[in-house]
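> Chains as they are written, first to last, in our numbering: chain A, 752 to 1203; chain B, 337 to 685; chain C, 49 to 137. Virtual Cβ for every residue (Gly too), placed ideally from N, Cα, C. Can you read through this structure? Questions will come right after.
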Amino acid sequence: MKKIQYERPVIQRLNAGVMNKFGTKTEYAPVTEIDGNRVKDLITKFGSPLFVLSEKTMRQNYKDANRAFKNRYPKVQFAWSYKTNYMNAVCNVYHQEGSWAEAVSGFEYQKALKNGVPGNKIIFNGPDKTESELRAAIYNNSMIHIDHLDELYLIKELATEMNKRPRVAIRVNMDTGIYPMWDRFGFNYENGQAWDAINKIMLNDKMDLVGLHAHIGTFMLAPSAYAVAATKLSDLALGVKLKYKKNIQYIDLGGGFASKNTLKGSYLQGADSSPSFDQFAEAITTAILNAGFGESDLPLLILETGRALVDDAGYLLGSVISNKRLADGRRATIMDFGVNIMFTSFWYDHKISPAQEFSQYTEDAVLYGPLCMNIDVIRENVTLPPLKRNDQVVVHCVGAYNMTQWMQFISLRPAIVLIDLEEKAHVIRKRETLQTIESEEVLPAYLKEIKL
Amino acid sequence: MKKPLINVAVTGLNAIDSPGPGVPVIRALRDSKDFDVRIIGLSYETLEPGIYMHDLVDKTYQIPFPSSGVASLLTRLRYINSIENIDVLIPNFDAELFNFIKLEETLRDDLGIKTFLPTSEQFEARQKHCLNEYGIKHGIKVPHSKKIFSIHDIPGLRAEFTYPLVVKGQYYDASVAYTPEQAVTYFNKISAKWGLPIIVQQYVYGSEVNVTALGDGKGNTIGAVPMRKQYITDKGKAWAGISLDDDELMKTTRKLIKSTKWRGGMELEIIKTREGDYYLIEINPRFPAWVYLAVGCGQNHPEALVKMAMGMPVKPWKKFDVGKMFIRYAYDMIVELSEFEKISTLGEL
Amino acid sequence: MNIKRNIALSDSGFVFNPSTGDSFSTNPIGLEIIRLLQEMKTAEQVKKAILAQYLTDDATFEKDFYDFVNMLNRFNLMETEEKDEKATN
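In structure tokens form, the structure reads like this:
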């Protein structure tokens, strides 16, 4: 007699008000392969946990975004946001598609140069740029986005000293009707700071004001807020034209477009409620086209979109370490990945799929990571089939802000694999070893010896 | 002549103390002189009374909760439609409308299921936090309101508002605050549950009147019946109500539908002040639970909605009976455990 | 280890406790275990029956079985007799 496939016995109380399982199977429908590669094979070959990036999805997202904006506006330029994911392989996929680079620190700036991005196609953002980093950016003709007055004065000094005209933009913050208002970055629009800074640059005539930049928030679900930002930046640009007879070359609306992730506490699924590139493009380009620029004066529109381009191209594969029963009777499943490598689980309810077939029976569970830290919770409540030790899962939409915010804490960081357009898997970052961690450590001689 | 049979799927079968509109909508459809209906109930929970009302509902299927997203809902509807061949679907909950509006085209083109819903622009524009702009745009008086994000905004409210004011959550919940201290309390309570922003609205003294109405999507009001609640339950729901003769109110309703080109059923919540001004306080983008009063007054709105969804001609009503009342009552059904078992384990009954 | 005798079971996996009015849903293997327990089978006999039918091993099933019985206890589906303590130790 052939034996029946085993599944753990489960029993659940039928409660009024509890999520019913009928028709919800798509939520936990198994995902057994990614771009033609079986999850099981990937884990066997590269270990668990494992980050996997789909080049196909990355390029497709870029094409979708690019098309959405170019169909509506004549001059569009994307700049890859390094902080979102600065794996060189990822950056270069976007650079091959035509993206410039957007860096927010000296080391990201160096990475962009090293990747072969010409200095004049690097945008240098952020509140912390050191004197030597600014020197390099001025030397390379990069676009320097000024965040505060101290920086403005420092650049002025360097310009004199280096006898070179830096290409600068100012970062503008403003009320776009959304909360929270990011008024800690750049110069405020409503209270006149921004216009003041512009005048300081224009009257001093040591640098070229080439652009205006705003970055209104993160994970924005309201395209209308971008329309407000585009209108206000256009207004400043037109003010410059009127007063100084000079055209602002570009308007940079930063990033912040929401991805398909679901924010914690959100009632609707992110995949349904996040606006499309077309909706963002419509709001932004309409605002600029209607602002009152002459046709030949239309500024270049720069977008620093990161998350919406890469988030759903990233997957995290992992395995079950153990199952437990909590004191209150809830099922707890411990995975081999935690908040240490999946920082975004602090703010999203990531979609998690089993990587093998199951019956339709499910259990409500808490998913924990492997750390001996109470905060290591991946999902506070998730409905999954009865997983057993060594079963595998796929976490979706982890391409943004994880591979740059992960930390080596308690366990080492896993490998990252990129699946190319021919469905071949390439390691783009190796699994860390003890040596990786200790390579920068220095042990004083007198501490070398221990006796126990 | 034999009446045509139309398969209509209906949600909102929770005819409980805070009732959904599903059961009254089904009663209205069963009253139709022009067509017969087979009713396919769509339920979220296993104890929704409509599931067990076999004289009203022919078959019920559980559907996934709105929070599980469009993809799950579509998968389930595909399955249900493969058995039931649904002609028209009438969603009756605010929380599920986002998903159904999103699916409208797919349902029509892929599954042949027709709906008659507001557009997503109409749906979004009437959200509570947009009411100020809405009033200005459509020339309707609305109580002054403001979005706030912090309790530190509350002391400054005196410049624009006079107490009492209404503290509201973005989607649900509202409390009347008579002092800034109370406003702080409600701010904390409601924001903890429904998040930010909190909407502060000027409290308007007067009597609340409600209108159930149906727009054809081209600006015409197909039907509208105003009602005043005569008795309210402790959940703020009407227990009894009476249809009103109020030309001003009808004018306001027609003006709003004309200006918004509202498509589908709606309920307007309006405060009529002693001075005779009408302030719109809320628009519900679906029929109210008391929609059967309209049928009793000679306007069968759900029937007209199904006709419009099916592309049948519909003439706007010119009148309705004034002074008709509805009185809601509770009724204990006796249900076999085996029925509960079926809906609980198979998701169908 | 005695399951309450009056528990009603149906093939769909519906479990009803008539003395409390609670109802539950279980998967096919859970249903089978409850049926075996109702037939007064011991833990050892249940294990034997399941291992004969399903692709699993001794240790895995034992762990899952005690977890399942623990849930039956939590849901008040087991007789609360002192001697049960011994059986599960």
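1) Cα separation between Glu-517 (chain B) and His-480 (chain B)?
2) Helix, strand or coil, according to DSSP, for Lys-591 (chain B) in the structure here?
3) Three or more C-beta pairs closer than 8 Å, one from the segment 1045-1064 of chain A and one from the segment 1123-1143 of chain A: is that the case here?
4) Measuring only the C-alpha atoms, how far is Tyr-380 (chain B) from Asn-417 (chain B)?
5) Is the separation between the beta-carbon of Val-991 (chain A) and that of Leu-1040 (chain A) shorter than 8 Å?
6) Pairs of beta-carbons, one from the segment 786-806 of chain A and one from the segment 997-1015 of chain A, closer than 8 Å: are there three or more?
7) With distance defined between alpha-carbon atoms, name the residue in B:Glu-605, B:Leu-409, B:Thr-515 nearest to Tyr-499 (chain B).
8) Let me know the secondary structure DSSP gives Val-547 (chain B) once reduced to three states.
9) Within 8 Å of any Cβ in chain A, is that where the Cβ of Asn-435 (chain B) sits?
10) Select from the segment 990-1018 of chain A all residues with a C-beta closer than 9 Å to any C-beta belonging to chain B, and list them in chain order.
11) For a quick check, are the C-beta atoms of Ile-422 (chain B) and Ile-449 (chain B) less than 8 Å apart?
12) Within the continuous alpha helix (DSSP H) that includes Asp-698 (chain A), where are the two ends?
13) Between the Cα of Thr-74 (chain C) and the Cα atoms of A:Thr-1113, A:Tyr-904, A:Glu-902, A:Thr-1037, which residue gives the shortest distance?
14) Using 8 Å as the threshold, is the segment 996-1003 of chain A in touch with the segment 779-786 of chain A, meaning 3 or more CB pairs across them?
15) Examine chain C for any beta-carbon lying closer than 8 Å to the beta-carbon of Arg-1076 (chain A), and answer yes or no.
16) In the segment 98-128 of chain C, which residue ranges form an unbroken alpha helix (DSSP H) of at least 4 residues, counting only runs that do not cross its ends?
17) For the segment 367-382 of chain B, list every residue whose C-beta sits within 8 Å of some C-beta in chain A, in sequence order.
18) Roughly how many whole angstroms lie between the Cα atoms of Asn-435 (chain B) and Asn-812 (chain A)?
19) Is Asp-1087 (chain A) buried or exposed, if buried means 16 or more other CB atoms sit within 10 Å of its CB?
20) In terms of alpha-carbon separation, which member of A:Ala-988, A:Pro-1026, A:Trp-1157 lies closest to Leu-1067 (chain A)?
21) Lys-994 (chain A): buried (16+ other C-beta within 10 angstroms of its C-beta) or exposed?
22) Against chain B, which members of the segment 1022-1036 of chain A pass a CB distance test of less than 7 Å?
23) How is the beta strand (DSSP E) around Thr-396 (chain B) delimited, first residue to last?
24) Starting from the Cα of Ala-91 (chain C), find the closest Cα among C:Phe-113, C:Phe-62, C:Asn-124, C:Asn-121 and give me that residue.
25) Counting only beta-carbon atoms, is Arg-122 (chain C) nearer than 8 Å to chain A?
26) Would Val-346 (chain B) be called buried (16 or more neighbouring beta carbons within 10 Å of its own) or exposed?
27) Taking a Cβ distance cut-off of 7 Å, strictly less, list which residues of the segment 1107-1131 of chain A are near chain C, in chain order.
28) How close, in whole Å, do the beta carbons of Ala-1151 (chain A) and Asp-1062 (chain A) come, if the pair is a contact with beta carbons under 8 Å?
29) Can you give the Cα-Cα distance for Thr-775 (chain A) and Asn-546 (chain B), rounded to whole angstroms?
30) Quick one: grab the DSSP three-state call for Glu-853 (chain A).
31) Show which residues of chain B have a CB atom less than 8 Å away from the CB atom of Gly-78 (chain C).
32) Can you tell me whether Asn-124 (chain C) is buried or exposed? The criterion is at least 16 other CB atoms within 10 Å of its CB, across all chains shown.
33) Please look up how many angstroms separate the CB atoms of Ala-1038 (chain A) and Thr-982 (chain A), rounded, as I've assumed it's under 8 Å.
34) Where do the N-terminal and C-terminal ends of the beta strand (DSSP E) with Thr-74 (chain C) fall, by residue?
35) Within a Cβ cutoff of 7 Å, which residues of the same chain sit near Arg-53 (chain C), ignoring the five residues on either side of it in sequence?
36) According to DSSP, simplified to helix, strand and coil, what is Glu-1131 (chain A)?
According to the structure shown:
1) 20 Å
2) helix
3) no
4) 17 Å
5) no
6) no
7) B:Thr-515
8) strand
9) yes
10) Answer set for the segment 990-1018 of chain A: Thr-1013, Gly-1016, Ser-1017, Tyr-1018.
11) yes
12) Look at the range of chain A in this structure, 752 to 1203, and you will see that residue 698 (chain A) is not part of it.
13) A:Thr-1113
14) no
15) yes
16) 106-122
17) Tyr-380, Glu-381, Thr-382
18) 24 Å
19) Counting Cβ neighbours within 10 Å, Asp-1087 (chain A) comes out buried, since at least 16 surround it.
20) A:Trp-1157
21) Answer is exposed; the Cβ neighbour count stays below 16.
22) Ala-1022, Asp-1023
23) For Thr-396 (chain B), the uninterrupted beta strand (DSSP E) segment begins and ends at 395-398.
24) C:Phe-113
25) yes
26) buried
27) Ser-1110, Tyr-1112
28) 4 Å
29) Bear in mind that the predicted position of Thr-775 (chain A) carries a pLDDT of just 47, short of 50, making it unreliable; the figure below should be weighed with that in mind. Straight-line Cα distance between these residues: approximately 36 Å.
30) Strand.
31) Those within 8 Å of Gly-78 (chain C) in chain B number zero; the least Cβ separation is about 13 Å.
32) Exposed.
33) 5 Å
34) Per DSSP, Thr-74 (chain C) belongs to the beta strand (DSSP E) from 70-74.
35) Taken in chain order, the residues that qualify are Gln-86.
36) Strand, per DSSP.
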